[in-house]
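Number of protein chains: 4
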Amino acid sequence: MDFAYGPGKNHLFVPGPTNIPEHVIRAMNRNNENHRTPAITALTKSLLDDITKIFKTTSGTPFLIPTTGTGAWESALTNTLSPGDRIVSFLIGQFSLLWIEQQKQLNFNVDVVESDWGESANLDILESKLASDKTHAIKAICIVHNETTTGVTNDLTKVRKLLDEYRHPALIIVDAVSSIGAIDLRMDEWGIDVVVTSSQKALSLPTGMGIVVASPKAIEASKSAKSLRSFFDWNGYLKFYKTGAYWPYTPSIQMLYGLRAGLDLIFEEGFENVLLRHKRLAKATRLAVEAWGLKNCCQKEEYYSASVTAIVVPPNIDSGEIVSRAWKKYNLSLGVGLNKVAGKVFRIGHVGHLNELQLLGCLAGVEMTLKDVGYPVKLGSGVGAASAYLQNNIPLIPSRI
Amino acid sequence: MDFAYGPGKNHLFVPGPTNIPEHVIRAMNRNNENHRTPAITALTKSLLDDITKIFKTTSGTPFLIPTTGTGAWESALTNTLSPGDRIVSFLIGQFSLLWIEQQKQLNFNVDVVESDWGESANLDILESKLASDKTHAIKAICIVHNETTTGVTNDLTKVRKLLDEYRHPALIIVDAVSSIGAIDLRMDEWGIDVVVTSSQKALSLPTGMGIVVASPKAIEASKSAKSLRSFFDWNGYLKFYKTGAYWPYTPSIQMLYGLRAGLDLIFEEGFENVLLRHKRLAKATRLAVEAWGLKNCCQKEEYYSASVTAIVVPPNIDSGEIVSRAWKKYNLSLGVGLNKVAGKVFRIGHVGHLNELQLLGCLAGVEMTLKDVGYPVKLGSGVGAASAYLQNNIPLIPSRI
Amino acid sequence: MDFAYGPGKNHLFVPGPTNIPEHVIRAMNRNNENHRTPAITALTKSLLDDITKIFKTTSGTPFLIPTTGTGAWESALTNTLSPGDRIVSFLIGQFSLLWIEQQKQLNFNVDVVESDWGESANLDILESKLASDKTHAIKAICIVHNETTTGVTNDLTKVRKLLDEYRHPALIIVDAVSSIGAIDLRMDEWGIDVVVTSSQKALSLPTGMGIVVASPKAIEASKSAKSLRSFFDWNGYLKFYKTGAYWPYTPSIQMLYGLRAGLDLIFEEGFENVLLRHKRLAKATRLAVEAWGLKNCCQKEEYYSASVTAIVVPPNIDSGEIVSRAWKKYNLSLGVGLNKVAGKVFRIGHVGHLNELQLLGCLAGVEMTLKDVGYPVKLGSGVGAASAYLQNNIPLIPSRI
Amino acid sequence: MDFAYGPGKNHLFVPGPTNIPEHVIRAMNRNNENHRTPAITALTKSLLDDITKIFKTTSGTPFLIPTTGTGAWESALTNTLSPGDRIVSFLIGQFSLLWIEQQKQLNFNVDVVESDWGESANLDILESKLASDKTHAIKAICIVHNETTTGVTNDLTKVRKLLDEYRHPALIIVDAVSSIGAIDLRMDEWGIDVVVTSSQKALSLPTGMGIVVASPKAIEASKSAKSLRSFFDWNGYLKFYKTGAYWPYTPSIQMLYGLRAGLDLIFEEGFENVLLRHKRLAKATRLAVEAWGLKNCCQKEEYYSASVTAIVVPPNIDSGEIVSRAWKKYNLSLGVGLNKVAGKVFRIGHVGHLNELQLLGCLAGVEMTLKDVGYPVKLGSGVGAASAYLQNNIPLIPSRI
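Written out as structure tokens, the structure reads:
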């Protein structure tokens, strides 16, 4: 049944899809059910009530859409904007690029603010654009919270501050695909209007659920947005929310039960503890990278990502070869370099349901792979550096104390 | 974990989502994997090669889209048509109605041909429209193969014949959501241009995969279609098909393995045997309905559906009460009457991975429920009538002879 | 992977192994764990506390043994008796016969009281034996609560009464393999000393756990019992119970979690409701048998089993052919006739996690099979008779009211 | 549902129960089936045919017994020996001790040959006993192939050689619980008479199946062995083998399918490759131990175990504290020191379905735990030493080349 079987566990360290907890796999191990029963209604209600906690919003309206992150992007855009609307969008890596392509495809007037890959969104340029936009032609700021290509996390609070300073009414639409659940995002406190994520990242589910949360202002905007939309139309959901039936079309029963189990685990661990765990794994990874004498693709410490670390290889090495060899020899799945950084970086995803020893196994695998491809790494150096930090910082597991 | 637990097996007889075979549940019981490995590429290739067999096409291009049937509809429309395009669409029940609403939402010029619910698509009107459309303003004929609301199966060969007679180049776009895998559809032989289905019907998978197959003519049309589209854009797929990476965005690994297992079962049973089994279950259901003295919502024998039977209840009975009681007392899930036939019909879905004794258990449950709600049915009458037919027509299971 | 695949669900109506609830399958879907952690200790404790509720004892000591019912039998015997001990044992069918063979193999002096197959244990003979046993040479009465071969349930209260009347100290050792969880057994109230069951019957788990519960008197007896024993030795368990480690050898983690889930379901349904459900299914089965004009192998109504019904076929029919055909044509698994009743009876197991529509599907299958093999049954007659009773007696599912 | 939840994967490195491959978990994820069908017969036959390959015998008869290793021990003894028989048994650790206790409990005349824990079986003493046993009073040599307490693997070929030299007819009965599937054992070539293992070790299944393979000589011995036995009696099996029904009692369907999947994986990897992988992991572990400056409990290199390494801690450290802390802080399950070596050693099991990065994650966890408890280890030192060896010795995964 498997197409490339290897002994032992596959070490999954791409920045998505991520490792599914056994609990979630179990919860999803079930037959279909009629989605029009009080049982599924009650389950759905519990999910809509709880999912917003991960987005830190009490005023937002969540939409659980049978789609991927790409579809969730589209949902965020077409429900709040009209064709031709001017939007400011930051290009800092492959995923922001793909989103910008979508924005163009959907006929928005995209004002692209480009940074070098490895840099964060250039907010100085945003400021100048806002300053000069007296007519409020800019309808939305589209920004990727965590650029998975480069391991750069943008500071969303600064975007909010700029809009407030200039009393600009543009919506803030955030791609939080690889951040929600791993990196703090406070939708209400930070005044974000639409946040988009998908199931196969920090939520540690299979692919298949795009999640969009809309602020009251975004819901208001959706009433006049003229983009054609059907499958992604929020109105379909809102109509069904009112009746209590919730679903305009058949949801995946399995994904609903999976999300329930996943949220239960997050709350059992404590959501803030989950965020701390991600920070800890990221820091450990960076210490290993440093010990190996390699560079982080992300240029500034303040933007280091808690989800993924993109590592720059020396010019004589092809990062694709590292990824390929890790899979073929160590059953280790790493992320390749994409587009501009293809061949130049490889990525370690440390997002989702993971713990420290899993990461250290991965780092040991990376060390051996580096040596395999001719990079003169001291074996054990990265693991040692990471361990030194972790040993001092891993808390006891509360249920086991 | 369950929200309305009842002892024993849930008897799932809604016309979707349908019963998932244990083999498929098993195949999907797995962790995520990196979707960018040769393993997933090989798996995907095998699926694209095999899925078309169910559609009986060798020239069609399949798209496996992380979405529902509603999304698959949108994919079929926006990839082949431009806003304002005139399309002829048949309204014969709730699902054709919803599709028509989508067609309007997406700004097509929809020429609705309505029939009474329980009747098939009015092809006489289609003929007159084709006859008068000298300029070929009609760009597509949109037709639901099997209307799940009423249990009516349209004869697609007649649509083809009419277009041929009038040498009309309109595309034929077919909603085969509740037919593919259960009711014969020969895409190549019948000259269908786009066929749309989804995973949770006769394919007996969880919800979450919309499947669209496009004829070469449809692919050609997609090159000039001006509808805005991003997530549903076929070009995204086609570009990736060329590179051999296959996926423009992250697919659900679990659904891919599930589809593989599901197709394997279909081929093991023999696809023609699967179609015969659906016919047999449908015939048995109708014989029970007749024995109960009730009427089929579908008005003519030639349009009887092999996927679902909609049963008209006497005026003094609320069909919703039947569905509700069956669930509350017998752990039996039936389909409600929708929209115009709400309260008037209930539905028995006999589609997907089912066998005869499962159906007879359902029919026994329906009999008791009918009696519960005051309809004077003779208990055992429907099961007896169905059994008489089945006993003579069920073949031995080949692997057990 | 399957060796004789057939479409749809397998209809499992042998009197064990029985249908496993989806909840239990899910709970068992897990990796191994170290069995020497506080987690498994806590789980085990919860099981030992709860399992005795099913046996209706507060004074009994439970042993969860990695074995089958045959092994559990041996555990009951060798822990309480010494080689050469005289025991009275009732032969009323194949399973009592096998147990008697084991008793002889283990060198006990077995006083066999035989009845015709279809009759219950002859307690008159027991009485005369007790009356004449002034020296209390009889050390134990071994009795099968429910003889699965013939569908006969013995009345254990009468055994107790006789022992009390004659102030006889013999132990009562009960094979409750196919009764516990399906048929009322009150260990404390009835003064039973050892009760034996196994996981794959009414508890609806996989095979692999033998469960033995011992009264204080049985525990006392184990201190002087001289039968050699090692794996089945209760002392091994008792020693570990004292330390709180519980397990003298490695248990199946999966079975422990499965039992936890199974008990949770039983308590959710309500244990008395579970027993009523078994009675209801048994009664419905017998009504069908009567409608078919066939005879129950069990000769008296007061001994009818709530777990299994053995049905006598006319002399011109081979019951083995019925079982074989049901499997080959209808994917229906029935029980064969064993030993003396081979070819003469077939059996419908209605034990474990089952509901009424599942049973009615089975009965419909039996009807068709009977017709297939030439018995002139009216199709629908049995299902109708069973339905008439069930429709009046099935309660609403509490969680769905 | 879990009693002590911790985030991420549990790192299971006890020497059993071991990690179950996802493929096996999937294969076991199923409802019960009637075990008396041609399907289960065919499955069983395939297992009996294939299991002997792991024991490297073509003449041996396998018994798959629903029990643990302790039960399998009993099966080996009581089927081949009579009470009072003299047997020579080697005491070299906790598991040989427990087996000896069983041997005494079962009334054999046990001639115990004791070694210091950490030493292998003293074969010089065996030689002297054989030399003086002119009457062939010694009926069997009982020896543990791999003593899990100390990580010592005995050399079975030497036992054979001694018996041959002295033309002694004693049976060789081997506990291969923690060796079969991990350490080479050639039943036919080495002239072993009974080999015992269980499912939860190198076979990487749940607990619940004891496996005993008997040579023709052992089968012959069973005909005159006078030990009382019922559940463990080989005759029960042999009788059913002849009829082709295979099972004297109900087997666990799930374990059968699990074993099938497990064997398939072993053959896919190549059995010799599986053995090499175990050697590689063991060597890497020992290199780490050396780098930490700790001692192997096993005293001589030639007896180093490929399944488990027992590590001696300095006198000031309690090894139990290491195991406890690893579980509480790192979700890492290690083996404790047992009996004589309690508090003095901890154990790393490297047996079953494991790969190198899993082991390196474990080693990293051990390093941190050592530091936690005050042992001055250089973090990264063990991982580095292990990696240096592994990087040079791990082959590419054949299916991925």
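Chains as they are written, first to last, in this note's numbering: chain A, 52 to 452; chain B, 52 to 452; chain C, 52 to 452; chain D, 52 to 452.
Every residue, glycine too, gets a C-beta built ideally from N, C-alpha and C.
Considering only residues of the region 235-312 of chain B, which uninterrupted beta strand (DSSP E) runs meet the minimum length of 3 residues and lie entirely inside it, listed in chain order?
-> 245-249, 261-265
Measure the CB-CB distance between D:D226 and D:K190 and report whether it falls below 8 Å.
-> no
Can you name, in chain order, every residue of its own chain whose Cβ lies under 8 Å from the Cβ of A:I445, other than the five neighbours on each side?
-> R331, E407
How close, in whole Å, do the beta carbons of A:F283 and A:N70 come, if the pair is a contact with beta carbons under 8 Å?
-> At roughly 29 Å, the Cβ-Cβ gap does not stay under 8 Å, so A:F283 and A:N70 are not in contact.
Beta-carbon proximity check, C:Q305 vs C:R77, cutoff 8 Å = no
What distance in whole Å lies between the Cβ atoms of C:V203 and C:G111, which are believed to be in contact at a cut-off of 8 Å?
-> Between C:G111 and C:V203 the beta-carbon gap is near 25 Å, outside 8 Å, which marks them as no contact.
C-alpha gap between C:A296 and C:R87, whole angstroms | 7 Å
Where does the unbroken alpha helix (DSSP H) through A:D162 begin, and where does it stop?
-> Counting along the chain, A:D162 falls outside any alpha helix (DSSP H), though it belongs to the beta strand (DSSP E) covering 160-165.
Is the beta carbon of A:F159 less than 8 Å from the beta carbon of B:A93?
-> no
Nearest-angstrom Cα distance between A:L430 and A:I192?
-> Near 45 Å, if we compare the C-alpha coordinates of A:I192 and A:L430.
Take the Cβ of D:I452 as the centre, count every other Cβ of all protein chains shown within 10 Å, and call the residue buried at 16 or more, exposed below.
-> With fewer than 16 other Cβ atoms within 10 Å, it is exposed.
Is the Cβ of A:N382 closer than 8 Å to any Cβ of chain B?
-> no
Same chain only: Cβ atoms within 7 Å of A:A415, ignoring 5 sequence neighbours per side = V434
So what does DSSP say about C:I141, is it helix, strand or coil?
-> The identity of residue 141 of chain C in the sequence shown is Phe, whereas the question assumes Ile. Strand at C:F141.
Where C:F146 and A:Y288 are concerned, what is the direct C-alpha to C-alpha distance, given to the nearest angstrom?
-> 60 Å
Using DSSP with H/G/I as helix, E/B as strand and the rest coil, what is C:T119?
-> coil
Is it true that the region 219-239 of chain A meets the region 319-329 of chain A, where meeting means three or more beta-carbon pairs spaced less than 8 Å apart?
-> yes
Check each candidate in A:W124, A:V264, A:R237 and name the one with the smallest Cα separation from A:L99.
-> A:V264
Taking all protein chains shown into account, do 16 or more other C-beta atoms lie within 10 angstroms of the C-beta of A:N205, making it buried, or fewer, making it exposed?
-> buried
Does the beta-carbon distance from C:T103 to C:T109 come in below 8 Å?
-> yes
Closer than 6 Å by C-beta to D:A127: which residues in its own chain qualify, once you throw out the five before and the five after it? Chain order, please.
-> I224, V245, V247, V263
Within this structure, are the beta carbons of A:V396 and A:I362 separated by less than 8 Å?
-> yes
Excluding the 5 residues preceding and the 5 following D:K290 in the sequence, name in chain order all residues of the same chain whose CB lies nearer than 8 Å to its CB.
-> P299
Could you tell me whether any Cβ in chain A is nearer than 8 Å to the Cβ of B:W378?
-> Under the Cβ criterion of 8 Å, B:W378 is counted among the residues facing chain A.
6 Å CB neighbourhood of C:D423 in its chain, flanking five on each side removed = R376
Is DSSP giving C:C413 helix, strand or coil here?
-> Here C:C413 sits in helix by DSSP.
How about the region 153-169 of chain B and the region 207-221 of chain B: do they share at least three Cβ pairs that are nearer than 8 Å?
-> No: the two stretches stay apart, fewer than three of their Cβ pairs being nearer than 8 Å.
A:C349 versus chain D: which residues are under 7 Å apart at the beta carbon?
-> None at all; the shortest Cβ gap to chain D is about 24 Å.
Please determine, among B:P134, B:K107, B:G169, the residue with the shortest C-alpha to C-alpha distance to B:K351.
-> Ranked by Cα distance from B:K351, the options B:P134, B:K107, B:G169 are led by B:G169.
When the Cα atoms are used, what is the spatial distance from D:S275 to D:H196?
-> Linking D:S275 to D:H196 through their CA atoms gives a straight-line distance of about 26 Å.
What's the call for C:N443, buried or exposed, on a 16-neighbour Cβ count within 10 Å?
-> exposed
Indicate whether at least one CB of chain C lies closer than 8 Å to the CB of B:N444.
-> no
Inter-residue spacing [alpha-carbon to alpha-carbon] between C:S97 and C:E73 | 21 Å
Identify the continuous beta strand (DSSP E) that holds A:D226 and give its terminal residues.
-> For A:D226, the enclosing beta strand (DSSP E) stretches over residues 222-226.
Test: C:I102 CB closer than 8 Å to a CB of chain D = no
At a Cβ threshold of 8 Å, is A:I231 touching chain B?
-> The C-beta of A:I231 comes no closer than 8 Å to any C-beta of chain B.
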